[in-house]
Amino acid sequence: MSAVRTPAKDPLTGRDAALDGIRALAALGVWVLHVGGNTGIIYREGMFAWMTTRLGIAVPIFFLLSGLLLYRPWARAVIEDTPRPRPGRYLWRRVVRVLPAYWLVTALALWAWSSLDWTGWAKWLLLLQNYTEQNRAPDGLYQMWTMPIEMAFYLLLPVLAWALHGWARGGNRPVRLLAGIAVLPVVSLTSVVVSHGYDQPQLALWLPHHLIYFAAGMAMAVLSVWIKESKVVDALAPQLLVLALLLYAVLSTELAGPRTLTLPTLSQSLWRMILETSVAVLVIAPFALAARHDSLRHRVLGNPVTAYLGRISYSFFLWHAPVITLYYKITGDQPFTGDFVKVAILTFIASLLISAASYHLVEENALRLAGRRPAAAPPSSAPAREPVAPAQ
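Okay, so the sequence shown: first residue is 351 according to this note's numbering, each after it adds one.
In structure tokens, the structure reads:
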């Protein structure tokens, strides 16, 4: 008798424990990258240094998850004729979900370590830092370049969803949705070409440059509603994850650009974008398109520890850089020095404790304000239920 296949989702919160686990690993990857950068280990020779440098792959993974989870209700509305999300309520939830914790971390870092005037404070608190002259980020805030990109996507998504909804009415709706979404990667590739052709590297900090990652998630959202669960993806899941690891190794070579702050060539930028998108898709597809609680991959990534780390991953992402900065301020160590293991252990423990407190004191209360139930630990066996978009 075959085992009953059930997605590892919480029936109360709609969270997918395995996707939370992926989010946790991505947040940890960003932290390892920044510990490696501050200790200088990423500038050393050897494959470990190169592969540590490419842990920036976490950002495309975050962006893909946003596209997948936030667009899925709109995709369902088109394919299954369910009510469309209300843009005003959606935007309110995004603002309340993201800004309170961001404002807290940013304000504390600016107060402690910057000498910006009120216009500088306004720029950072209003998520405008990517759209002005690019100077060195204030101490403890170098990870925040991703936040204006995320917020820009949140604002654009209702417009994209409206346009795709109208476009899909004329035929096979899932196919037309996928065809419409396919335009977005072209925008990203064009942005890369334009940024190099006109020597405008700051374009890499704007949403068009990153639309390819969000689009991959949106396409996956369409497929998850259309085909529900792919037996092919389920059967090939181990091979897909191994292929993701192999492509990550390729991403870690000079094909995808230098490790230093030297700007990559056009070819390197294109290869990096293609490889990052491929790795992100291969990592997430076995969980988004073949969600089974009884599979080994779900039991590994969807265990209670990684699921909880995924729930607090946003706070961890926000806090880990100020914690690393505080460590260097207290110890007096110079940049690009320090013992990697020591810095990693101390900053991980501190970041984890602060992030847990931030999640329960700030994020959960913000979710209540937005009218959403804060996430609880998923049960050991949850019945199948299509989730609402978990908080990013």
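Each residue gets a CB set at the ideal place from its N, CA and C atoms; glycine is no exception.
Closest option to residue 629, judged by alpha-carbon separation, among 365, 394, 472 and 406: 406. With fewer than three CB-CB distances shorter than 8 Å, the segment 408–427 does not count as touching the segment 700–708. For residue 668, the enclosing alpha helix (DSSP H) covers residues 663–681.
429 is the residue among 675, 714, 402 and 429 whose C-alpha sits nearest the C-alpha of residue 569. When DSSP assignments are scanned along the segment 533–593, the uninterrupted stretches of alpha helix (DSSP H) that are 4 or more residues long and fall wholly within it turn out to be 533–547 and 557–576. Residue ranges of uninterrupted alpha helix (DSSP H) with 4 or more members, entirely inside the segment 377–450 and ordered along the chain, are 397–403 and 408–430. A direct Cα-Cα distance of roughly 31 Å separates residue 578 from residue 380. Taking all protein chains shown into account, residue 674 has 16 or more neighbouring C-beta atoms within 10 Å of its C-beta and is therefore buried. The straight-line gap separating the alpha-carbon atoms of residue 440 and residue 689 is approximately 44 Å.
Look at residue 366 here: in three-state DSSP terms it is strand. With distances taken between CA atoms, residue 504 lies nearest to 418 out of 418, 536 and 490. For residue 502, the three-state secondary structure derived from DSSP is helix. In this structure, residue 538 lies near residue 560, with their beta-carbon atoms less than 9 Å apart. As for any alpha helix (DSSP H) of minimum length 4 sitting wholly inside the segment 608–665, the runs are 616–638, 646–651 and 654–661, ordered along the chain. With 16 or more other Cβ atoms inside 10 Å of its own Cβ, residue 387 counts as buried.
In terms of Cβ geometry, residue 459 and residue 490 form a close pair [threshold 9 Å].
Counting the other CB atoms within 10 Å of its CB gives residue 483 a total below 16, which places it among the exposed residues. Judged by beta-carbon spacing, residue 563 lies within the 9 Å limit of residue 414, meaning their Cβ atoms are closer than that value. Counting along the chain, residue 519 sits inside no alpha helix (DSSP H), nor does DSSP assign it H or E at all. Counted as a single uninterrupted DSSP element, the alpha helix (DSSP H) harbouring residue 715 occupies residues 714–719.
Following the DSSP letters along the chain, one finds residue 468 inside the alpha helix (DSSP H) bounded by residues 468–475. Looking from the CA of residue 705, the closest CA among 641, 553, 687 and 667 belongs to 667. Looking at 514, 587, 479 and 486, the one whose alpha-carbon comes closest to that of residue 502 is 479. A straight line joining the alpha-carbon of residue 367 with that of residue 526 spans about 31 Å.
Bounds of the alpha helix (DSSP H) holding residue 705 are 690–708. With distances taken between CA atoms, residue 576 lies nearest to 423 out of 395, 370, 423 and 389. A buried status is given to residue 658, since no fewer than 16 other beta-carbon atoms sit within 10 Å of its beta-carbon. In the structure shown, the three-state DSSP call for residue 604 is helix. In the pairwise beta carbon analysis, the segment 707–716 is classified as touching the segment 439–458: at least three pairs are separated by under 8 Å. Out of 392, 604, 494 and 555, the CA that lies nearest to the CA of residue 449 is found in 494. Put simply, the backbone Cα of residue 633 is about 24 Å away from that of residue 385.
CA-to-CA, the gap between residue 691 and residue 507 works out to about 41 Å. Under the Cβ criterion (8 Å, minimum of three pairs), the segment 584–594 counts as touching the segment 643–655.
Assigned with DSSP and collapsed to three states, residue 456 falls in helix.
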